[in-house]
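**Student:** Heads up: the sequence shown begins at 97 in my numbering, then just goes up one per residue.
From the three backbone atoms N, C-alpha and C, an ideal C-beta is built for every residue, glycine too.
Dumping the structure here so I can ask a few things about it.
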Amino acid sequence: MKHKVLLTSAVTGAGDTLEKNPHVPVTPKEIAESAIESAKAGATVAHVHARDHKTGGISHDVEHYREIVDRIRESETDVIINITSGGGGDFIPSLNTPAAGGDGTDIQTPAERHEPVGELLPEMCTLDCGSTNFGDMIYMSPTDWLRDQAKLIQESGVKPELECFDTGHIRFANQLVKEGLVDGDPMYQFCLGIPWGAAADAETMIYMQNRIPENAHWSAFGIGRMQMPMASQSALLGGNVRVGLEDNIYLSKGVPAKNEQLVDKAVTMLNGLDLEPMTPQEAREYFNLRHPSGGK
């Protein structure tokens, strides 16, 4: 795998991006089709959130996830499925009742956040490793809740991708590993450039890389215009790569992108560095992932 890279397409998130880019997939059918097209373009992994097809906003409905996963698995195109387990963490304080959430608050328990993962058993899932000021809201993941989630993921046999939005998240992710709550060689994802977390620059990426275990695998992404620069930087430093409409909706300035176009752009960048994406089967074997059929 010396010249191979895990290439993830984060096909859609929960952000209010639909008015800016009509290509952002919303329905389960659209999300699945975008994941499949990303795989055809060279993506190893499809990272998926579900959306409410009526509002375009986030959905926690397991049946929405089930339709996405079933459509991908039933297609003739192989791709590793990575489901988010970070839904239901948005806290917006109310000035009138600061101990309670105001309008827009969306909090789920650890068991509720884990439900799509535990029910559908993808090969991978994300685990957001801490709370942070996320734009104008708070993304809330208390440490005890994260330990509970990590245990649930571990029991399911799904491989967690430890998402770190700031340097303190690296420290807690390392603690989960130390406590034996992550099996095998851990996988980290450095999430860079999100206000007000870790900056999207080489110095921050190197700082985070230098603070994970020696046996760890890692990836990094930047948002907006920093998506491709951070993808390139990650590849140059020996990390894996993530692109997609969850993190950036433009192919170039003012030009709305499709997921497969961003993947194709990343593949071209990797080829220029004498690298290429892993196939899904290569990645399953290399990272010791569960197989969609339930085996290794």
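Starting from proline 325, trace the alpha helix (DSSP H) both ways and give me its first and last residue.
**Tutor:** Counting along the chain, the alpha helix (DSSP H) containing proline 325 begins and ends at 323-332.
**Student:** So what's alanine 195 in DSSP terms, helix, strand or just coil?
**Tutor:** coil
**Student:** Taking DSSP's pairing of strands, which residues face glycine 185 in a bridge?
**Tutor:** Residue pairing from DSSP places glycine 185 in a beta bridge opposite Ile203.
**Student:** Output yes or no for whether 8 angstroms exceeds the beta carbon distance between threonine 140 and alanine 298.
**Tutor:** no
**Student:** Using only alpha-carbon positions, find the residue among Gly138, Ile266, Pro118 that is nearest to glutamine 377.
**Tutor:** By alpha-carbon distance to glutamine 377, the top candidate from Gly138, Ile266, Pro118 is Gly138.
**Student:** Going by Cα to Cα distance, which pick from Arg307, Asn344, Asn306 is closest to methionine 324?
**Tutor:** Asn344
**Student:** Answer yes or no: do isoleucine 168 and alanine 128 have a C-beta to C-beta separation smaller than 8 angstroms?
**Tutor:** yes
**Student:** Compare the C-alpha of lysine 255 against each of Pro118, Ser181, Val158 and name the closest.
**Tutor:** Ser181
**Student:** Would you tell me roughly how many angstroms separate the C-alpha atoms of tyrosine 346 and alanine 353, rounded to the nearest one?
**Tutor:** 5 angstroms
**Student:** Report the rounded CA-to-CA distance for histidine 160 versus asparagine 192, giving the unit in angstroms.
**Tutor:** 35 angstroms
**Student:** Quick one: give me the first and last residue of the alpha helix (DSSP H) that methionine 365 is part of.
**Tutor:** Unbroken alpha helix (DSSP H) run through methionine 365: 355-368.
**Student:** Would cysteine 260 and leucine 242 qualify as a contact pair, given that the criterion is a beta-carbon distance under 8 angstroms?
**Tutor:** no
**Student:** So, helix, strand or coil for aspartate 224, using DSSP?
**Tutor:** When DSSP states are grouped into helix, strand and coil, aspartate 224 belongs to the strand group.
**Student:** Quick one: what's got a C-beta closer than 6 angstroms to cysteine 287's C-beta in the same chain, skipping five residues either side?
**Tutor:** Glu259, Phe261
**Student:** In angstroms with no decimal places, state the Cα-to-Cα distance between histidine 265 and alanine 362.
**Tutor:** Computed Cα separation, rounded: 27 angstroms.
**Student:** Select from His143, Asn117, Ile176 the residue whose C-alpha is nearest the C-alpha of proline 350.
**Tutor:** The residue you asked about is not proline; residue 350 is glycine in the sequence shown. Comparing Cα-Cα distances from glycine 350 to each of His143, Asn117, Ile176, the minimum goes to Asn117.
**Student:** What's the call for glutamate 172, buried or exposed, on a 16-neighbour Cβ count within 10 Å?
**Tutor:** exposed
**Student:** Give the single residue among Glu133, Ile154, Thr104, His99 whose Cα lies nearest to the Cα of aspartate 112.
**Tutor:** Ile154
**Student:** Are the beta-carbon atoms of valine 337 and serine 330 separated by less than 8 angstroms?
**Tutor:** yes
**Student:** List, from N- to C-terminal side, the beta strand (DSSP E) runs of 3 residues or more that fit wholly inside the segment 235-299.
**Tutor:** 255-260, 283-288
**Student:** Here's the rule: buried if 16 or more other CB atoms are within 10 angstroms of the residue's CB, otherwise exposed. What is asparagine 270?
**Tutor:** buried
**Student:** Quick check on glycine 214: does DSSP put it in helix, strand or coil?
**Tutor:** helix
**Student:** Along the chain, where does the alpha helix (DSSP H) containing phenylalanine 132 start, and where does it finish?
**Tutor:** Per the sequence shown, residue 132 should be read as isoleucine rather than phenylalanine. Per DSSP, isoleucine 132 belongs to the alpha helix (DSSP H) from 124-137.
**Student:** Look up glycine 350 in the DSSP assignment and say whether it is helix, strand or coil.
**Tutor:** In the structure shown, glycine 350 falls within a coil segment according to DSSP collapsed to helix, strand and coil.
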